[in-house]
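Student:
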Amino acid sequence: FPLSLPSSLVRARTPSSPLLSAVSERDPNAFSLSSPPVTRSRQTPQREGSSIVVTDGSGSFYSSRALIQALHDHGKHRRIVAAAGPADGSRKMLLGRTARYSGLVDVLEVANGGDDLKDTLSGSTHW
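Right under this line is the structure:
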């Protein structure tokens, strides 16, 4: 009994190209994609530079996020201190996705402004 299937159930097969078969025979992982690590924070080397204090007149660091990120990206500061009004609000404003992925979290400290500013400035080399 020869079994014949209706033409709608038969899948058409394309002939394989000799070039594709030659490439796949040589290196089975030729077309595999490698993805970079999700975060660079673990790869961030120990920074040897100076410490810097950044103050913001508004007290929220909303408009200064790019400045602090640029200081981290282009500088070698071992410590960046953000000194402004309430520390909790400033910390929340500065710790975004870019800060986490770039390693800024490792060098950033948030201090209360006001009376503690004198102590914060005494431990740094730049303001």
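In terms of full-length UniProt numbering, the sequence shown is numbered consecutively and its last residue is 127. Every residue, glycine too, gets a C-beta built ideally from N, C-alpha and C.
1) With DSSP run on the structure shown, which of helix, strand or coil describes residue 55?
2) Do you know whose CA, among 81, 62, 65, 93, lies nearest residue 118's CA?
3) Which residues mark the beginning and the end of the beta strand (DSSP E) in which residue 78 is found?
4) Can you have a look at residue 122 and say buried or exposed, based on whether 16 or more other CB atoms are within 10 angstroms of its CB?
5) Report the rounded CA-to-CA distance for residue 95 versus residue 63, giving the unit in angstroms.
6) Here's the rule I'm using: 16 or more other beta-carbon atoms within 10 Å means buried, otherwise exposed. How should residue 97 be labelled?
7) Residue 94 by DSSP, collapsed to three states: which one?
8) Output needed for residue 77: all residues of its chain with C-beta closer than 7 Å, excluding positions within five of it in sequence on either side, in chain order.
9) In this structure, what does DSSP give as the bridge partners for residue 104?
Tutor: Taking the geometry as given:
1) On the sequence shown, residue 55 is found 55 positions in, with the first residue counted as 1. Correct three-state label for residue 55: strand.
2) Looking up residue 118 in the sequence shown gives position 118. The residue with the shortest Cα to Cα distance from residue 118 is 81.
3) Sequence index remark: in the sequence shown, residue 78 carries index 78 (1-based). Neither: residue 78 is in no beta strand (DSSP E) and is coded neither H nor E.
4) Numbered from its first residue, the sequence shown carries residue 122 at position 122. With fewer than 16 other Cβ atoms from the protein chains shown falling within 10 Å of its own Cβ, residue 122 counts as exposed.
5) One-based indexing of the sequence shown puts residue 95 at position 95. One-based indexing of the sequence shown puts residue 63 at position 63. Computed Cα separation, rounded: 14 Å.
6) For this step, residue 97 is matched to residue 97 along the sequence shown. Burial call: exposed.
7) Here residue 94 corresponds to residue number 94 of the sequence shown, with the count starting at 1. Helix.
8) Taking the sequence shown and counting its residues from 1, one reaches residue 77 at position 77. For residue 77, where only same-chain residues beyond five positions count, the Cβ hits under 7 Å are 47, 49, 50, 51, 52, 71, 107.
9) Taking the sequence shown and counting its residues from 1, one reaches residue 104 at position 104. DSSP lists no partner for residue 104.
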